[in-house]
Amino acid sequence: MMKPYGVGVIGCGAISRTYLKNITERFSILKLIGVADPVPGRAEKTADEYGGRAMTSEELLNDPDVDIVVNLTSIPSHYEVTKAALEHGKHVYSEKMMADSFGRAKELYELAKEKNLRIAVAPDTCLGGGYQTVRKLLDDGVIGTPLAATAAVVRGYLPAGPESGWLSNVFCPGGTIPYDMGSYFINALLTIFGPVKRVSGFAASTKKYFTHPANPNYGQELVINDPDSPNLMQAAMEFESGVLATLTAADAGTMLFPEEGITIYGTKGRLICPDPDLFGGEIKLCVAGEQEYRVIPMLHGYSGQETAFLPVPENEDPRDVIWRHSRRGIGVTELAWALRNGRPQRLSNEMGLHAIEIVHGAATASRTGVYYTMTTPMEKMKPLRPGFIGPDAEAVFDD
Ligand SMILES: NC(=O)c1ccc[n+]([C@@H]2O[C@H](COP(=O)([O-])OP(=O)(O)OC[C@H]3O[C@@H](n4cnc5c(N)ncnc54)[C@H](O)[C@@H]3O)[C@@H](O)[C@H]2O)c1
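Each residue of the sequence shown is one higher than the one before, starting from 612 at the first, in my numbering.
Here you go:
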């Protein structure tokens, strides 16, 4: 048996559990070496539960058995943790976005290029059954030539206490809704349509307040001093393929479910695609001449019923149920197979940079009143082959 790739996880917060479950249980190409977190006891507790060793970040970065650092820190730490990992010669899989600004993401991209290392950036839901099936339907011409797409994510965030990761993850530069939730839609659009040529849009920052009574700043206005981080955005994208798409991202101040997906309009039909925050979901197709939509079965296996609507057993936190069913981690696995087979990973370094440039571009266009021409090239991802993804996923990733 070939040697697995060693994984070190930095950041043992909320989302680390779903990664660690999948990394340790689902994929034989990955081996968990260690976990690190500055909060006392957090790495130890995580190692007890999932294996690997509790380490400091420094120890983890210096461990020769770690090939891939999985950066699951909150947004303000993405840049420094990824930079340190690259400087230690490690490949990186980072939670979205690559950094807290396009400028700092570009620095990381250049550093990775100079060192011939990979940075794959989440979300990896675009590698799931839902959007890989959508990609196949489009590639097979089921709706003719795609012309346009609309996408919208309008939701809020739970009131956050001082202990909560939500505060530092969402209400910070590079973390507002066009980045946080918008990234799922952007990665899905890049997966199915390829690179964007120009971006335009309108953006604004609506007033927000600290709403958790336990927060010392309770009642005060929450100001994010960054013109590139609005919390209300209407972006328009012109893809190199000619497809035109819009993305509405708005922090509505309340939790609103269900979240919507993406609708795609083609010359011969229309597809209503699932919420790209999920690996599965429902795909509905209507072709010219038909009056009704029909549900299309998933052609790719990695779909899991990761959904907010699963029955929640009594005494269980609904978020635990979602995490247990989530399939995050496929992007790390795909990166490992890409390294083994000497090809670029599907969540390519270029795609990670392109994704953050889209939000930066729309915010810039809104400020200047001028279309923003994208500066970062990206190749359209190779689709996954249809099929089930088991512990040895090579067959669907590589020919
Ligand atoms: N929570 C979710 O549902 C969710 C879902 C998808 C993606 N994400 C993304 O995952 C990332 C982490 O989110 P989370 O919800 O787990 O946040 P969290 O705040 O619960 O956890 C982040 C962890 O990172 C640690 N950390 C922060 N800075 C660090 C540093 N410099 N070095 C080492 N460790 C550091 C913190 O101590 C904390 O334990 C964010 O980018 C977020 O957007 C979160």
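Think of the CB as a built atom: it goes at the ideal place given N, C-alpha and C, for glycine as much as any other residue. As the structure is a prediction and not an experimental result, all values here were calculated from the model.
Residue i vs residue j beta-carbon contact at 7 angstroms
{"i": "V620", "j": "V646", "result": "yes"}
{"i": "V765", "j": "A847", "result": "no"}
{"i": "L697", "j": "L728", "result": "yes"}
{"i": "A856", "j": "L800", "result": "yes"}
{"i": "D735", "j": "I969", "result": "no"}
{"i": "G740", "j": "G872", "result": "no"}
{"i": "Y983", "j": "V810", "result": "yes"}
{"i": "A762", "j": "Y876", "result": "no"}
{"i": "K991", "j": "G853", "result": "no"}
{"i": "D659", "j": "G617", "result": "no"}
{"i": "V943", "j": "V732", "result": "no"}
{"i": "L748", "j": "A947", "result": "no"}
{"i": "A1033", "j": "Y690", "result": "The question about residue 1033 has no answer, for the chain in this structure spans 612 to 1010."}
{"i": "S627", "j": "L671", "result": "no"}
{"i": "A788", "j": "A966", "result": "Strictly speaking, residue 788 in this sequence is Ile, with Ala absent from that position. Going by C-beta atoms, I788 is not nearer than 7 angstroms to A966."}
{"i": "N590", "j": "A723", "result": "Examination of residue 590 is not possible in this model, given that the chain is present from 612 through 1010 alone."}
{"i": "S977", "j": "F813", "result": "yes"}
{"i": "L995", "j": "V981", "result": "no"}
{"i": "Y904", "j": "R938", "result": "no"}
{"i": "I686", "j": "R746", "result": "no"}
{"i": "M708", "j": "Y790", "result": "yes"}
{"i": "G663", "j": "I644", "result": "yes"}
Bridge-paired residues (DSSP) for residue i
{"i": "K747", "result": "None, per the DSSP bridge assignment."}
{"i": "M844", "result": "A814 and A860"}
{"i": "M666", "result": "A647"}
{"i": "L850", "result": "According to the sequence shown, residue 850 is Phe rather than Leu. Paired residue(s): V807."}
{"i": "A731", "result": "Y704"}
{"i": "T984", "result": "R809"}
{"i": "M911", "result": "Residue identity differs from the one stated: residue 911 is His in this sequence, not Met. Its beta-bridge partners are G998."}
{"i": "Y820", "result": "E832"}
{"i": "K642", "result": "G617"}
{"i": "L855", "result": "A759 and E849"}
Delimiting residues of the beta strand (DSSP E) encompassing residue i
{"i": "L896", "result": "I894 to V898"}
{"i": "I907", "result": "R905 to I907"}
{"i": "A763", "result": "P757 to R766"}
{"i": "H702", "result": "H702 to S705"}
{"i": "T874", "result": "I873 to G877"}
{"i": "I883", "result": "G880 to I883"}
{"i": "V680", "result": "I679 to N682"}
Unbroken alpha helix (DSSP H) run spanning residue i, endpoints
{"i": "Y690", "result": "I686 to E698"}
{"i": "G617", "result": "It is not in any alpha helix (DSSP H) - G617 instead sits in the beta strand (DSSP E) that spans Y616 to I621."}
{"i": "Y630", "result": "S627 to E636"}
{"i": "F713", "result": "F713 to E725"}
{"i": "M962", "result": "N960 to T979"}
{"i": "R951", "result": "I941 to R951"}
{"i": "T657", "result": "R653 to Y661"}
{"i": "W789", "result": "Going by the sequence as given, residue 789 is Pro instead of Trp. Run containing P789: I788 to D791, per the alpha helix (DSSP H) assignment."}
Beta-carbon separation (whole angstroms), residue i vs residue j, contact threshold 8 angstroms
{"i": "T878", "j": "G755", "result": "3 angstroms"}
{"i": "L896", "j": "V753", "result": "7 angstroms"}
{"i": "L843", "j": "A861", "result": "5 angstroms"}
{"i": "P841", "j": "A974", "result": "6 angstroms"}
{"i": "F782", "j": "L833", "result": "6 angstroms"}
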